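One line per chain: the protein sequences are A and B, in this order.
Note that my numbering has the first sequence beginning at 194, numbered continuously upward.
Note that my numbering has the second sequence beginning at 12, numbered continuously upward.
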Amino acid sequence: MSDSIPNTPDPLAIALSKLDPAPHGFDRDALMFAAGRESKAWAVKCWQVLAAAALLAAVGFAYLYFTHR
Amino acid sequence: MGPDQLAELVDQYGAALVLYARQWCDCPEDVVQTALLKLVRISTPPDNLIPWLYRVVRNGAIDASRAARRRQKYETAAADHAPKWFSPSYDPTGLDARAAALALCNLPVETREIIVAHIWGGLTFEQIATAVDSSAATCYRRYAAGLDILRQKLGADTRTKMK
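Below, the structure is given as structure tokens:
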């Protein structure tokens, strides 16, 4: 396959490559903030599950305590 | 992926990815941001990171264009946006940014996406083939055919200007 692709770039491709894409319009700080939040999403989820489990256990123990007293 | 790596990706590929997404939709920044956040979410970055990113951006942009098309006729809007694809050129001997954008805009999308990914994204034809689910040979053929069309179009425009 590489035989069919010439080694020397096309002059038009070179001329086109000199055109710079318009700068992206996204807010870099907002993106970094969102990325940080996403990267920790699993940890937040873990804590939420753990908290829910602890709450359920607490309610269960409270129920047992008050019904068997 | 750490913040330094993400910042490096944004600096190095952000503008090219936005240009790539702009071919399909009118919200390319959102599509690229979503793709970057998807990358942050996965625990192990893919082996072919850049083709993977282009593939995710491509799929996101196509989905976004379908959603936009339901709301409005996108083709008209895309033609209006075409001149904004590139920064104005300050090189008087170089190509006219607006003419080049319009000529690119008129190419078939399966040809244009390969030209954009190769010239401005710096992807090899093998990487493009991975991103667009095709073969490198097919990508190269489409690229060469697209350049020929652009050559005719931009050459004709230059001759018209010179008259």
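Even for Gly, the Cβ is constructed at its ideal location relative to N, Cα and C.
As the structure is a prediction and not an experimental result, all values here were calculated from the model.
Contact with chain A by residue i, beta-carbon distance below 8 Å
| i | result |
| --- | --- |
| B/Ala108 | yes |
| B/Ser63 | Looking at the sequence provided, one finds Trp at residue 63 of chain B rather than Ser. Taking Cβ atoms only, chain A never reaches closer than 8 Å to B/Trp63, which makes this a no. |
| B/Ser98 | yes |
| B/Pro14 | yes |
| B/Thr171 | For B/Thr171, the pLDDT reaches just 45, beneath the cut-off of 50, and the residue's location in the model is therefore unreliable, although a value from the coordinates is still provided. Not one chain A Cβ lies under 8 Å of B/Thr171. |
| B/Lys95 | yes |
| B/Val120 | no |
| B/Val68 | no |
| B/Trp35 | no |
| B/Leu161 | yes |
| B/Ala27 | yes |
| B/Val43 | yes |
| B/Val143 | no |
| B/Ala75 | no |
| B/Gly105 | yes |
| B/Leu17 | yes |
Integer-rounded CB distance, given that residue j should sit under 8 Å from residue i
| i | j | result |
| --- | --- | --- |
| B/Pro56 | B/Leu50 | 7 Å |
| B/Val42 | B/Ala32 | 4 Å |
| B/Ala114 | B/Leu165 | 6 Å |
| B/Ala27 | A/Pro214 | 6 Å |
| B/Gln44 | A/Phe219 | 5 Å |
| B/Gly157 | B/Leu118 | 5 Å |
| A/Leu205 | B/Arg153 | At roughly 15 Å, the Cβ-Cβ gap does not stay under 8 Å, so A/Leu205 and B/Arg153 are not in contact. |
| B/Ala110 | B/Phe97 | That pair is no contact at about 10 Å. |
| B/Gln108 | A/Leu209 | Just to set this straight, residue 108 of chain B is Ala in the shown sequence, not Gln. Not quite, the Cβ-Cβ distance comes to about 10 Å (not below 8 Å), so this is no contact. |
| B/Pro62 | B/Leu134 | 7 Å |
| B/Glu137 | B/Ala148 | Incorrect: roughly 10 Å between the Cβ atoms, too far for contact. |
| B/Leu60 | B/Ala46 | B/Leu60 to B/Ala46, Cβ: 11 Å. No contact. |
| A/Thr234 | B/Leu17 | Correcting the residue identity first, residue 234 of chain A is Ala in this sequence and not Thr. Actually they do not touch by this definition, with Cβ atoms about 15 Å apart. |
Cutoff 8 Å: residue i Cβ touching any chain B Cβ
| i | result |
| --- | --- |
| A/Phe219 | yes |
| A/Ala251 | no |
| A/Leu209 | yes |
| A/Ala255 | no |
| A/Asp203 | yes |
| A/Ala206 | yes |
Contacting residues, own chain, Cβ-Cβ under 6 Å from residue i (five flanking each side not counted)
| i | result |
| --- | --- |
| B/Asp15 | none |
| B/Ala72 | Ala32, Trp35, Cys36, Val42 |
| B/Trp131 | Ala27, Leu30 |
Residues near residue i by beta carbon distance below 7 Å, same chain, minus five either side
| i | result |
| --- | --- |
| B/Ile139 | Ile125, Ala128, His129, Cys150 |
| B/Met12 | Leu50, Val51, Pro56 |
Same chain, Cβ closer than 8 Å to residue i, five either side skipped, listed in chain order
| i | result |
| --- | --- |
| B/Gly25 | Val43 |
| B/Ser177 | Missing from the structure shown is residue 177 of chain B; chain B here goes from 12 to 174 and no further. |
- Item | Every unbroken alpha helix (DSSP H) within the region 27 to 68 of chain B, with a cutoff of 4 residues, ordered by chain | Whole alpha helix (DSSP H) segments, 4+ residues: 39 to 52.
- Query: According to a CB-to-CB cut-off of less than 8 Å, which residues of the region 213 to 239 of chain A neighbour chain B?
  - Reply: Within the region 213 to 239 of chain A, the residues whose Cβ lies closer than 8 Å to any Cβ of chain B are, in chain order, Asp213, Pro214, Ala215, Pro216, His217, Gly218, Phe219, Arg221, Leu224, Met225, Ala227, Ala228, Gly229, Glu231, Ser232, Ala234.
- Message: In chain order, what are the residue ranges of uninterrupted alpha helix (DSSP H) at least 4 long that sit wholly in the region 91 to 164 of chain B?
- Response: Annotation note: the region 91 to 164 of chain B contains the following uninterrupted alpha helix (DSSP H) runs of length 4 or greater, listed N- to C-terminal: 108 to 116, 120 to 130, 136 to 143.
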